[in-house]
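These notes concern the structure reproduced below.
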Amino acid sequence: MTDSISRTEADDPMLVPADAARELLDGAPWRRFAVIGDSVALGIGDPSPGYLTSGWSDRVAAVLRSVNPGLAYRNTGRVGATIGEVIAEQLGPALDFRPDLIHVTCGGNDLFARGGPEEIRRDLDTLFAALSRSGAQIFTFTLADVWDTERMAPMRPLRDRMAELNDIVRETAARYDVAVVEFWDHPLRLRPDLMSADLIHFTSSGHAVVAAETVRALSRLLPSNTVAK
């Protein structure tokens, strides 16, 4: 364990206070924010005492809306979605929404639903290529290395496959200038209250940290922010 679980949203050192978050994204140009993908994109998970019950993308949209009150936001992420299903079911509607900021996370379900990494690499390339043609700013996540905690021991056999998926995400993102928010080594991964009862999804406290890291990452994409904040 790296910290006490008695912290709350008001004093969590990994979070960005609301005023600071607005300052970080001051001048952000985005007016239409779309999120597509699987349950990570959707942002589901168990509630955490002391934290708002809100997924990471809803939190990010709230910050963006605080600097651009007219922000349009749509999240079509779906539990269990594979990359192929995201392409077939979510890609078209997302592009029709005409977003200028797009988040996509998927691929974890493909590890269980289909063949090997080359198929995942091919489908992810197809998805990123289609999104990049929209001209929107695209960002994605790597999955966190949560398997070192005792609670996650039953899920530890998944670690190598998830690490390989992250490598594919990084490589494909680099080809299409997709921003990657890194969580593999993030200290959040060792929090004892991070995972929901299903040992798959983050709790609300985890989503709060993911949102904070996303705000920091988006701030570094702004033209005026040439130095990491």
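Note that UniProt numbering has the sequence shown beginning at 1, numbered continuously upward. Ideal Cβ positions, reconstructed from N, Cα and C, are used throughout, including at glycine. Quick caveat, the model's predicted, so the values are computed rather than measured.
- Return helix, strand or coil for V16, following the three-state DSSP convention. V16: coil per DSSP, three-state reduction.
- Item | Backbone CA spacing between F139 and A179 [nearest angstrom] | Distance between the alpha carbons of F139 and A179 is about 4 Å.
- Message: Per DSSP, what are the beta-bridge partners of M195 in this structure?
- Response: Paired residue(s): F202.
- Query: Which whole-angstrom value is the C-beta distance of A136 and L101, which I expect to be below 8 Å?
  - Reply: In this structure, A136 and L101 form a Cβ contact; the two beta carbons are roughly 6 Å apart against a cut-off of 8 Å.
- 7 Å CB neighbourhood of A211 in its chain, flanking five on each side removed: Same-chain partners within the cutoff: W56, R59 and V60.
- Query: Quick one: Cα of T172 to Cα of N166, how far?
  - Reply: Those two C-alpha atoms are separated by around 10 Å.
- Item | Contiguous alpha helix (DSSP H) assignments of at least 4 residues, all confined to the region 64 to 151 | For the region 64 to 151, whole alpha helix (DSSP H) runs of length 4 or above, ordered along the chain, are 92 to 96, 110 to 113 and 117 to 132.
- Message: Whether or not the region 116 to 127 and the region 83 to 93 are in contact is what I'm after, with contact meaning three or more pairs of Cβ atoms, one per stretch, closer than 8 Å; do they touch?
- Response: With a cut-off of 8 Å, the region 116 to 127 and the region 83 to 93 count as touching, because enough Cβ pairs lie within range.
- For A34, the residue or residues it bridges with in DSSP: Among the bridge pairs identified by DSSP, A34 is matched with R74 and I102.
- Message: Taking its Cβ as the centre, do 16 or more other Cβ atoms sit within 10 Å of V146, making it buried, or is it exposed?
- Response: Classification of V146: buried, given that the 10 Å Cβ count is 16 or more.
- Task: Use the C-beta contact count for F128: other C-beta atoms within 10 angstroms, 16 or more gives buried, fewer gives exposed.
- Result: Classification of F128: buried, given that the 10 Å Cβ count is 16 or more.
- Count the C-beta pairs between the region 99 to 113 and the region 36 to 47 that are closer than 8 Å, then say yes if the count reaches three, no if not. With contact defined as three or more Cβ pairs closer than 8 Å, the region 99 to 113 and the region 36 to 47 are in contact.
- Query: Is it right to say P99 is buried, meaning 16 or more other beta carbons lie within 10 angstroms of its own, or is it exposed?
  - Reply: Counting of Cβ neighbours within 10 angstroms places P99 among the buried residues, the total reaching 16 or more.
- Query: Around the Cβ of F33, are there at least 16 other Cβ atoms within 10 angstroms (buried) or fewer (exposed)?
  - Reply: Buried, by the Cβ-count rule.
- Item | Exposure of G27, with buried meaning 16 or more beta-carbon neighbours within 10 Å | By the neighbour-count rule (16 or more Cβ atoms within 10 Å), G27 is not buried but exposed.
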